[in-house]
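Protein chains in written order, with the numbering used here: chain L, 712 to 1006; chain C, 671 to 860.
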Amino acid sequence: MSWARGGLERIWAEWRRFWFESNEPESMRLFRRLFGALMFLFFALRTPDLRQLYSESGVLPVDLMREVLDFGSRQSIFFHARSETAIWVGHAALLASTAAMALGFFPRASALLAYLLHVSFLHRNMTVAYGIDSISVFFFLNLIIADTRRRDSMLGSVSLRLCQLQVCVIYFYSGLEKLKGTHWWYGDAIWRVLANHQLASMDFTWVTAFPLLVVLSTWGTLVWEVYFPALIWLPRWRFPMLLFGVAMHLGIALSMSIPFFGFLMIFAYVTFLTDVELARFSVLIRSFLQHMCKK
Amino acid sequence: MENGSGVLDLKEKKSAKKGRVGAQLALSVFLIFHFAMLVVAPKRDSYLGELVSPVLDPYTQFLEILVPWSFFAPEPGPPPVYVEWEILGDEEKLLSRGQIPEYPSPFWNRERQNKRIVFTRFLMGEEKRIDAVMVPYLCKQYPDAVSIRLWRIGHDVPSLTDVREGRRKIGDGEGIERRVAAHGYCEGKR
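Shown next as structure tokens:
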């Protein structure tokens, strides 16, 4: 029986170390700032469409939306406060809360407010939501409990782990779903995106001169996504996986005019860096900038 | 005294440790539940998803964490889609014509265009949506309108081989499917 007890104790110790003793305050602080700034910009850019997309005089009044969509248990402040003033006040509060997250001003309360308002806007008109809207919900939620003041914070550690695992879940399912697609197997899926004139940011006809590049980048993306959730935890593989991810998301951001989605994923990679690695990285960047300035 | 205070410290430490372990155990139970929901939610239609749906649905819908995570999957995105309309006045006189999303994008702020693309994909998702959503909206925008005629437009994406061998060009307008979606009357004007 003692071996079983010993085994359980080891599992419990590992579980505790993973979930409750892994806080990296500096990494989480940087992630929260970057994420807050990105979301502030993202929400600010929808200001001109606020009335058209979210108000009762816009394209989808609440009652009509309930007719065309199954709403289940979803809730929104704007189901109850339907006036345009409420929408504008909500928008201003959302901008203020994301700015506060970026500036580190009452970060957890700001994350909570931003989460509530973001979900309220999302549910108010789900027909205009896409990748970044969905992913950011998880990060707002996780950042509510992020504690960047103390390294030994239990909730801070949980927050960090949830952010990391969320990235893994996203890639895991995206990768497995792609395995069902014929174009991903055939090797021309990347081309199908670049040749979609509604999405592409420029004319990618020149890519046809490099068909092998299309095939390799398609299969590379597939393999990388499927294996990311496993390899990211192995120290030797962590940086190569993150570097590939940065390159891929920059590529998507530039070729498809969806920079916010790409940058959100890249910023989330900060949670995979320890505070020590982050410090080394910032020294590296500083010395590089100094070197460039001297030149 | 020294001894007594030492014993008290030890007791306090022990009770603090117990409290911490208790909190960790409680949090662990919640984390197992939460993480299980995160993992099952994208496969809501699976056997397991159906099995836990009485708990899964309200929890994930309320927190808005019910997402299928299928970016560019299983196929790399739908081809370009548009909804075209004609605003008709008395005796079917053409008042205006337009489409969503516009092409090329009229916005410097690309996010505005992205939202319109997503919205159009939503409209194309079910037959009734274009009629139910666009007719009342366009009637509001054009007070003189009597009826609205709508079309759904789907473009084809040329294959790499076709473009490489010069048979087609990106966005060449070939392979367009144009179908009447609805002809609806504005409220009280029939």
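Glycine is no exception: its CB is placed at the ideal position from the N, C-alpha and C atoms.
Keep in mind the model is a prediction, meaning the values are calculated, not measured.
Is it buried or exposed, residue i, if we count other Cβ atoms within 10 angstroms and call 16 or more buried?
i: Pro759/L; result: exposed
i: Val904/L; result: buried
i: Arg782/C; result: buried
i: Lys688/C; result: exposed
i: Gln763/L; result: buried
i: Trp917/L; result: exposed
i: Glu725/L; result: exposed
i: Thr809/L; result: buried
i: Ala743/L; result: According to the sequence as given, residue 743/L is Arg; it is not Ala. Burial call: buried.
i: Met1003/L; result: exposed
i: Phe751/L; result: buried
i: Phe972/L; result: buried
i: Thr796/L; result: exposed
i: Leu827/L; result: buried
i: Leu933/L; result: buried
i: Ile818/C; result: buried
i: Asn844/L; result: Note that residue 844/L is Asp in the sequence shown here, rather than Asn. Label assigned to Asp844/L: buried.
i: Pro951/L; result: exposed
i: Ile977/L; result: buried
i: Thr730/C; result: buried
Anyone know if the C-beta pair for residue i and residue j falls short of 8 Å?
i: Phe754/C; j: Leu820/C; result: In the sequence as displayed, the identity of residue 754/C is Glu instead of Phe. Result yes, Cβ atoms of Glu754/C and Leu820/C sit closer than 8 Å.
i: Ile788/L; j: Ser766/L; result: no
i: Pro750/C; j: His825/C; result: yes
i: Thr919/L; j: Val833/C; result: yes
i: Ala813/L; j: Ala748/L; result: yes
i: Arg748/C; j: Arg786/C; result: Per the sequence presented here, residue 748/C reads as Pro, with Arg not at that position. Not in contact: Pro748/C and Arg786/C (Cβ atoms no closer than 8 Å).
i: Leu854/L; j: His829/L; result: no
i: Val805/C; j: Gly854/C; result: yes
i: Phe983/L; j: Arg949/L; result: yes
i: Asp727/C; j: Ser784/L; result: yes
i: Pro746/C; j: Glu888/L; result: no
i: Leu733/C; j: Leu852/L; result: yes
i: Glu737/L; j: Leu989/L; result: yes
i: Asp814/C; j: Pro828/C; result: no
i: Phe1021/L; j: Ile702/C; result: Within the shown structure, residues of chain L are numbered from 712 to 1006, placing residue 1021/L beyond reach of any answer.
i: Val722/C; j: Val710/C; result: yes
i: Tyr884/L; j: Phe939/L; result: no
i: Met712/L; j: Gly867/L; result: no
i: Ile840/C; j: Ala906/L; result: yes
i: Phe777/C; j: Val839/L; result: no
i: Val981/L; j: Leu741/L; result: yes
i: Val926/L; j: Gly886/L; result: no
i: Ala852/C; j: Ile800/C; result: yes
i: Pro922/L; j: Leu830/C; result: yes
Roughly how many whole angstroms lie between the Cα atoms of residue i and residue j?
i: Phe741/C; j: Ile901/L; result: 12 Å
i: Gln909/L; j: Asp781/L; result: 28 Å
i: Asn779/C; j: Arg690/C; result: 50 Å
i: Gly898/L; j: Glu835/C; result: 18 Å
i: Met671/C; j: Leu975/L; result: Below a pLDDT of 50, predicted positions are generally treated as unreliable, and Met671/C, at 45, falls in that range; the measurement from the model is reported next regardless. If you take the alpha carbons of Met671/C and Leu975/L, they lie about 59 Å apart.
i: Trp896/L; j: Trp930/L; result: 8 Å
i: Leu764/C; j: Met967/L; result: 36 Å
i: Ala892/C; j: Val779/L; result: No answer is possible for residue 892/C: it lies beyond the span of chain C, which begins at 671 and ends at 860.
i: Val816/C; j: Val773/L; result: 24 Å
i: Asp914/L; j: Val770/L; result: 32 Å
i: Phe790/L; j: Leu775/L; result: 12 Å
i: Met959/L; j: Gly858/C; result: 53 Å
i: Ile963/L; j: Ile969/L; result: 7 Å
i: Gly795/C; j: Arg822/C; result: 11 Å
i: Val803/C; j: Leu793/C; result: 8 Å
i: Lys681/C; j: Leu695/C; result: 21 Å
i: Pro724/C; j: Val699/C; result: 19 Å
i: Pro774/C; j: Arg838/C; result: 20 Å
i: Glu762/C; j: Ser912/L; result: 38 Å
i: Ala822/L; j: Ala693/C; result: 23 Å
i: Tyr812/C; j: Gly759/C; result: 9 Å
i: Cys856/C; j: Ile757/C; result: 10 Å
i: Ser768/L; j: Leu761/L; result: 11 Å
i: Arg716/L; j: Tyr841/L; result: 48 Å
i: Ala979/L; j: Gln1001/L; result: 27 Å
Examine the ligand GDP and report whether any of its heavy atoms sits within less than 7 Å of the Cβ of residue i.
i: Val699/C; result: This structure lacks the ligand GDP; in fact it carries no ligand of any kind.
_For the stretch 825–840 of chain L against the stretch 801–813 of chain L, do three or more pairs of beta-carbon atoms, one drawn from each stretch, fall closer than 8 Å, so that the two count as touching?_
Between the stretch 825–840 of chain L and the stretch 801–813 of chain L, the count of C-beta pairs closer than 8 Å reaches three or more; the two stretches touch.
*Is it true that the stretch 935–944 of chain L meets the stretch 873–880 of chain L, where meeting means three or more beta-carbon pairs spaced less than 8 Å apart?*
Enough Cβ pairs lie closer than 8 Å, so yes.
_Across the stretch 727–736 of chain L and the stretch 865–876 of chain L, are there enough close Cβ pairs to call them in contact, namely three or more that are closer than 8 Å?_
Yes, the stretch 727–736 of chain L touches the stretch 865–876 of chain L.
*Enumerated in chain order, which unbroken segments of the alpha helix (DSSP H) with a length of 4 residues or greater are wholly contained in the stretch 726–812 of chain L?*
Entirely contained in the stretch 726–812 of chain L, the alpha helix (DSSP H) runs reaching 4 residues are, in chain order, 736–755, 761–765, 773–779, 788–791.
_Contained alpha helix (DSSP H) runs [length at least 4] in the stretch 882–957 of chain L, N- to C-terminal order_ = Qualifying alpha helix (DSSP H) stretches, in chain order: 893–897, 900–905, 922–942.
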